[in-house]
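So the protein sequences, as listed, match chains A and B.
Under our numbering, think of the first position of the first sequence as 1, with each following residue one higher.
Under our numbering, think of the first position of the second sequence as 1001, with each following residue one higher.
Here a beta-carbon is modelled for each residue, glycine too, at the ideal position from N, C-alpha and C.
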Amino acid sequence: MPWLTRTPVHLTLITLSLLWTLPSLGLLISSIRPPADVLATGWWTVFQHPFEFTQYSLENYRAVLGAAGMGQALLNSFTIAIPATVMPIAIAAFAAYALAWMEFPGRQWLFLAIVALLVVPLQMTFILLLRTYRDLGLTGTFTGVWLAHTGYSLPLGIYLLCNYIRALPRDLIEAAAMDGATHWAIFTRVVVPLSMPAIASFAVFQFLWVWNDLLVALVFLGGTPTVAPLTITLTNLVGSRGQDWHLLTAGAFVTMTVPLLVFFALQRYFVRGLLAGSVKG
Amino acid sequence: MLRPYKLGVFIRGWVFGPGQGNVKTDGSSPRSMVVFSKIGMAVLAILVGSGGVIALFYGAIALVERFAQGRLKHRLLPWVFLAPALLLLLAYLVIPTVLTVYVSLLDARSQTFVGLSNYISLFTDKGMGEAFRNNIFWLVGVTGVSVSLGLLIAVLADRVRYESVPKTLIFLPMAISFVGASVIWKFIYAFRPAGTAQIGLLNGVITSLGFEPVGWLVERSLNNFALIAIMIWLQTGFCMVLLSAAVKGIPQEILEAARMDGANEVQIFWRIIIPMIRSTILVVSTTTVLLVLKVFDIVYVMTAGNQGTEVIASRMFKEMFSFRHYGRGSAIAVILLLAVIPIMVVNIREFRNP
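Rendered as structure tokens:
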């Protein structure tokens, strides 16, 4: 194509890329500027002399992790997100194996019924579960929020893993059964290792979903600082210190670091998981 | 090697800063103990939570394998594999959904049967009408813009050598939580009275062009669109990735043949690319619609639904936690479910046989 007709293509792409990057760049730069500067001038003024390193400091991160409680919240986010990823994977994988490779009456119907549950918006369940949680004393506990995330993610998890596990070669599984392998052995030694790509995609999706979730955490954990994850703590910070932009920007970046690391390290699984999981309630 | 107590001092110094707690080097300070015990507790909780499930399965299956024989074992084992999933699905989705439909027919405290009056009051309520109207803005705005922009970028990036750069940059916001994105954009929309230095990017641009600064989140004619822009920023990358895969799936011969016949790029786009990726466009759009129908975090963090920015899901949260009206809260959830079902059916059908 002639150079002239290509110019608009380049211009459009570059403009859009810049537009999409500017918001995060502003956040990152503001988070490493001293509080007084953040409030006095726009972050873009650092570009007047970008290599004057005295205008940057990590002080905001120290403040936000310590006094503002983001350090505790970071721990809480891990404590919530890791089991809330492992539990649904384990439970969904066992169920998917049974639905795919074990003989029992009503198998097809059960699978369809589980897939149908994908339509239920989480909001449908809050009021009833909240009352039950209050009666059982599960409100504000990690166990309560793990179980909630697990329950909510099972339709998707079973749907994805079952589709994958069902497509594994029949010969392989029958050969193992002929050799006298139990279902436990077939599951752990044959099915799980072969299903790793699907499991990894679902794991990445579920981990990020839980990590970035605000609604489920708000409903089942409330605002107690000892258990609140990053999303709630940051939301509270917006409410209580809405003008302290040096804290908010550093805090927002703290919540973003883990998902961004996952994004760059596991981009392939990230994309696949995101595509597969995009229908989740 | 870094001794444990040195590490403790380091973590404490880094987390709490030099100003708080005097840094001693003997490592006996209680603050480092606090940090360690907190990390320890977190690790313990993670191990118990994650390991517990697997131990549960192992124990139950071992029991059945050991004590049940022949046909009984054969019939019992599938249900051992399925039991935890089925119990959780019943407890967290099936039973609450059925009961919520019932609760939506009861009064605020779920004590007397009131028929459809919760629904009637919702459909006649002014605030709820606003929420419905805003949700429609959201649906049209986010779906329309992010699908078209996603398609544009997918088609354009396909023609340049640095394809992965714009795609990565535009996809990146997908990793960011709605809350994080809300803070990012709240900063962009930051408003200072005229005459003072603006720290928000948008007002910075506007004032440098000589206009008055605008309260983006307060002006009623603008604030909904300011919020919608955030969702577009988050969602375009998703649309782009799916549509890009579809565009790449179009056989080159077809495009070449069209070019040989004298079709220009615009004609190729409208007459060949669009029809050939129709079903992907449908999936991307329905998925975006589903996401937007339930949008909550952005509104909750940015405006808490004030100044006319309420949407269905944030209104439901208010009915639940501020008004404590469980009947109306449940009715909103049922409306949401009824809105989701047809879209979901289209989505799953297209997703399975494209």
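- Of all residues in the segment 1089-1101 of chain B, only 1089, 1091, 1092, 1093, 1094, 1095, 1096, 1097, 1099 and 1100 place a beta-carbon less than 8 Å from a beta-carbon of chain A.
- By the Cβ test, the segment 222-242 of chain A is not in contact with the segment 52-60 of chain A, since fewer than three Cβ pairs between them sit closer than 8 Å.
- Listed in chain order, the positions of the segment 1309-1337 of chain B with a beta carbon within less than 7 Å of a beta carbon of chain A are 1313, 1316, 1320, 1326, 1329, 1330, 1333, 1336 and 1337.
- Using a CB distance cut-off of 8 Å, residue 212 of chain A counts as an interface residue toward chain B.
- Contact of residue 256 of chain A with chain B is assigned, a C-beta pair being separated by under 8 Å.
- For residue 1204 of chain B, the neighbours in chain A by C-beta distance under 8 Å run, in chain order, 42 and 44.
- Residue state for residue 1106 of chain B is assigned as strand, using DSSP reduced to three classes.
- The beta carbon of residue 1185 of chain B sits closer than 8 Å to those of 1226, 1229, 1230, 1233 and 1302, all from its chain and outside the five residues before and after it, given in chain order.
- Taking every protein chain shown into account, the CB of residue 1281 of chain B has 16 or more other CB atoms within 10 angstroms, so this residue is buried.
- In the structure shown, residue 1113 of chain B falls within a strand segment according to DSSP collapsed to helix, strand and coil.
- The beta-carbon of residue 269 of chain A is placed no less than 8 Å from the nearest beta-carbon of chain B.
- Here residue 1313 of chain B is buried, its C-beta having at least 16 other C-beta atoms within 10 Å.
- The way I'd put it, the segment 208-216 of chain A doesn't touch the segment 183-192 of chain A; fewer than three beta-carbon pairs between them come closer than 8 Å.
- Non-local beta-carbon contacts of residue 236 of chain A in its own chain, meaning distances under 8 Å to residues more than five positions away in sequence, involve 223 and 228 in chain order.
- Neighbours of residue 17 of chain A in chain B, taken as residues at a C-beta separation under 8 Å, are given in chain order as 1165, 1166, 1169 and 1170.
- In the DSSP assignment, residue 1167 of chain B falls within the alpha helix (DSSP H) that extends over 1164-1171.
- Setting aside the 5 residues that flank it on each side, residue 1149 of chain B is surrounded in the same chain by 1232, 1236, 1239 and 1240, each with a C-beta closer than 8 Å to its C-beta; the list follows chain order.
- Here the segment 78-86 of chain A lies against the segment 132-150 of chain A, with 3 or more beta-carbon pairs under 8 Å apart.
- Residue 1277 of chain B carries a coil assignment under DSSP once its states are collapsed to helix, strand and coil.
- CA-CA distance, residue 45 of chain A to residue 245 of chain A, rounds to 16 Å.
- Distances from the alpha-carbon of residue 268 of chain A to those of A/199, A/95 and A/256 put A/199 closest.
- Interface residue (Cβ-Cβ distance to chain B less than 8 Å): residue 165 of chain A is not classified as such.
- Shown in chain order are the members of the segment 1060-1082 of chain B whose Cβ falls below 9 Å from a Cβ of chain A: 1061, 1062, 1065, 1074, 1075, 1077, 1078, 1079, 1080, 1081 and 1082.
- Nearest neighbour of residue 1167 of chain B by Cα position, chosen from A/12, A/8 and A/104, turns out to be A/12.
- Inter-segment contact for the segment 113-133 of chain A and the segment 63-71 of chain A is absent: fewer than three beta-carbon pairs are separated by less than 8 Å.
- Assigned with DSSP and collapsed to three states, residue 1211 of chain B falls in coil, not helix or strand.
- In this structure, the CA atom of residue 250 of chain A is about 28 Å from the CA atom of residue 1222 of chain B.
- In terms of Cβ geometry, residue 1336 of chain B and residue 121 of chain A form a close pair [threshold 8 Å].
- If you look at residue 1220 of chain B, you'll find it isn't in any alpha helix (DSSP H); DSSP assigns it neither H nor E.
- Less than 8 Å separates the beta-carbon of residue 1188 of chain B from that of residue 23 of chain A.
- Taking all protein chains shown into account, residue 1072 of chain B has fewer than 16 neighbouring C-beta atoms within 10 Å of its C-beta and is therefore exposed.
- Taking a cut-off of 8 Å for Cβ pairs, the segment 1315-1333 of chain B and the segment 1098-1109 of chain B touch, as three or more such pairs fall below it.
- Non-local beta-carbon contacts of residue 1113 of chain B in its own chain, meaning distances under 7 Å to residues more than five positions away in sequence, involve 1105 and 1106 in chain order.
- In this structure, residue 100 of chain A and residue 162 of chain A form a Cβ contact; the two beta carbons are roughly 5 Å apart against a cut-off of 8 Å.
- Residue burial is scored here from C-beta neighbours: residue 1291 of chain B has at least 16 other C-beta atoms within 10 angstroms and is therefore classed as buried.
- Using a C-beta cut-off of 8 Å, the segment 150-158 of chain A makes no contact with the segment 1031-1046 of chain B, since fewer than three inter-stretch Cβ pairs fall below that distance.
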